[in-house]
Amino acid sequence: MTDAEIRKLIDDTLNNLPCVTIPNVYWGACDLTYYPDWGQRYNRGIAVVIPFFKMMTLKDHTEDGFALLEMTTYRYRLEVSNALTKAFTEAGIDFDIPLVFKDHEIVYHAQISAKDIAVHAGLGWIGKNDLLITPEYGPRVSLVGLVLNCDELIPGTPVTESRCGECDACVHACPFKNFTGREWAPGRPREERVNYVRCSEMRGRARKVLGRKMACGKCIVSCPVGAPAEQ
Ligand code: SF4
Ligand code: SF4
Numbered sequence: 003m004t005d006a007e008i009r010k011l012i013d014d015t016l017n018n019l020p021c022v023t024i025p026n027v028y029w030g031a032c033d034l035t036y037y038p039d040w041g042q043r044y045n046r047g048i049a050v051v052i053p054f055f056k057m058m059t060l061k062d063h064t065e066d067g068f069a070l071l072e073m074t075t076y077r078y079r080l081e082v083s084n085a086l087t088k089a090f091t092e093a094g095i096d097f098d099i100p101l102v103f104k105d106h107e108i109v110y111h112a113q114i115s116a117k118d119i120a121v122h123a124g125l126g127w128i129g130k131n132d133l134l135i136t137p138e139y140g141p142r143v144s145l146v147g148l149v150l151n152c153d154e155l156i157p158g159t160p161v162t163e164s165r166c167g168e169c170d171a172c173v174h175a176c177p178f179k180n181f182t183g184r185e186w187a188p189g190r191p192r193e194e195r196v197n198y199v200r201c202s203e204m205r206g207r208a209r210k211v212l213g214r215k216m217a218c219g220k221c222i223v224s225c226p227v228g229a230p231a232e233q
């Protein structure tokens with residue numbers, strides 16, 4: 003399969019999902035040799051970027067509105083994963099979609115980080131909120147990460163610098179002060195930037211009232227990158 007052929011396969015799959023249409027969905031590929039374990043088994047990573055259906059800001063943020071965004075992106079990720087699984091299987095491509103273990107009481111653990119794949123594919127940088135910041139939508143995106151063997155697929159150029167600069171909007175927006183304000187650089191551990199345990203625990207306190215964790219997302223909707231222009 004040539005670079006053009008696999009690009010067409012992925013584009014056609016993402017633009018013709020069987021159950022939904024995801025406006026402006028896009029993707030990028032990276033060389034996976036940076037990753038010690040998965041990189042020995044697969045030579046490429048792919049990150050699919052799914053923009054939120056609503057580009058929410060702090061001004062129009064509501065808890066239940068953000069909960070709906072989260073639920074919708076979860077469904078979109080499943081649709082993308084299922085469609086690419088079918089397409090790659092039928093094309094005979096050697097691939098895997100690494101699992102994301104989800105422990106609702108503590109934090110998310112991914113076998114391989116889709117954010118990392120996206121950064122290595124040149125799709126954005128890691129913000130002070132420890133999320134992928136895309137130039138187009140900021141952190142208002144959801145990701146699907148895949149690994150595959152396809153030498154022909156030409157990888158993008160990794161992003162190696164934060165572009166947050168002096169901004170610290172997300173740091174101030176967090177109601178529980180979960181961010182340190184330190185900028186990301188390649189290889190720096192996420193614990194330097196964010197306290198995920200506190201995020202999870204504090205949002206979990208809403209269970210008694212909401213019957214679920216609070217869907218906060220203020221570190222996402224506060225980001226000026228990708229925010230819609232004011233009317
Ligand atoms: S989701 Fe809310 S509580 Fe958690 S880090 Fe982001 S702003 Fe803070
Ligand atoms: S709000 Fe500012 S500091 Fe936070 S991720 Fe966005 S650009 Fe970076």
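Residues in the sequence shown are numbered from 3 upward in steps of one, following my numbering. Note that the Cβ used here is the ideal one computed from N, Cα and C, for glycine as well.
Residue i classed as buried or exposed, judged by whether at least 16 other C-beta atoms fall within 10 angstroms
| i | result |
| --- | --- |
| Val-73 | Reading off the sequence, residue 73 comes out as Met, not Val. Exposed, because fewer than 16 other Cβ atoms sit within 10 Å of the Cβ of Met-73. |
| Leu-60 | exposed |
| Arg-205 | buried |
| Glu-80 | The question names Glu, but residue 80 is Leu in the sequence shown. Flag for Leu-80 reads exposed. |
| Tyr-76 | exposed |
| Gly-189 | exposed |
| Phe-68 | buried |
| His-174 | exposed |
| Ala-85 | buried |
| Ala-187 | exposed |
| Cys-166 | buried |
| Gly-129 | buried |
| Asp-62 | exposed |
| Cys-218 | buried |
Chain C within 9 angstroms of residue i, Cβ atoms only
| i | result |
| --- | --- |
| Ser-144 | Here there is only one protein chain, and chain C is not present. |
Cβ-heavy atom distance, residue i to ligand 1, below 8 angstroms
| i | result |
| --- | --- |
| Met-204 | yes |
| Phe-55 | no |
| Val-196 | yes |
| Pro-177 | yes |
| Gly-219 | yes |
| Phe-181 | yes |
| Ile-222 | yes |
| Cys-201 | yes |
Near ligand 2: residue i beta-carbon under 8 angstroms from a heavy atom
| i | result |
| --- | --- |
| Val-149 | no |
| Arg-79 | no |
| Gly-126 | no |
| Gly-129 | yes |
| Gly-140 | yes |
| Ile-135 | yes |
| Ala-187 | no |
| Ala-120 | no |
| Ala-171 | yes |
| Pro-226 | yes |
| Gly-165 | The question names Gly, yet the displayed sequence has Arg at residue 165. Yes, ligand 2 has a heavy atom inside 8 angstroms of this Cβ. |
Reference residue i, options the options, closest by Cα
| i | options | result |
| --- | --- | --- |
| Asn-26 | Asn-18, Glu-193 and Cys-32 | Asn-18 |
| Val-196 | Gly-41, Asn-131 and Ala-123 | Asn-131 |
| Gly-41 | Tyr-28, Cys-152 and Asp-66 | Cys-152 |
| Pro-157 | Pro-226, Cys-225, Tyr-28 and Asp-33 | Asp-33 |
| Gly-124 | Gly-140, Phe-97, Thr-159 and Glu-92 | Thr-159 |
| Leu-150 | Gly-228, Ile-114, Leu-70 and Thr-23 | Ile-114 |
Exercise for the section: For the segment 76–163, list the alpha helix (DSSP H) runs that are entirely contained and at least 4 residues long, ordered along the chain. Expected result: The DSSP assignment places complete alpha helix (DSSP H) segments of no fewer than 4 residues inside the segment 76–163 at 116–122, in order along the chain.
Exercise for the section: List in chain order: all unbroken alpha helix (DSSP H) runs of 4+ residues lying wholly within the segment 163–231. Expected result: List check, alpha helix (DSSP H) in window: 171–175, 198–206, 209–212 and 220–223.
Handout entry: Those runs of the beta strand (DSSP E) which lie wholly inside the segment 4–78 and span at least 3 residues
Key = The qualifying runs are 28–33 and 46–53.
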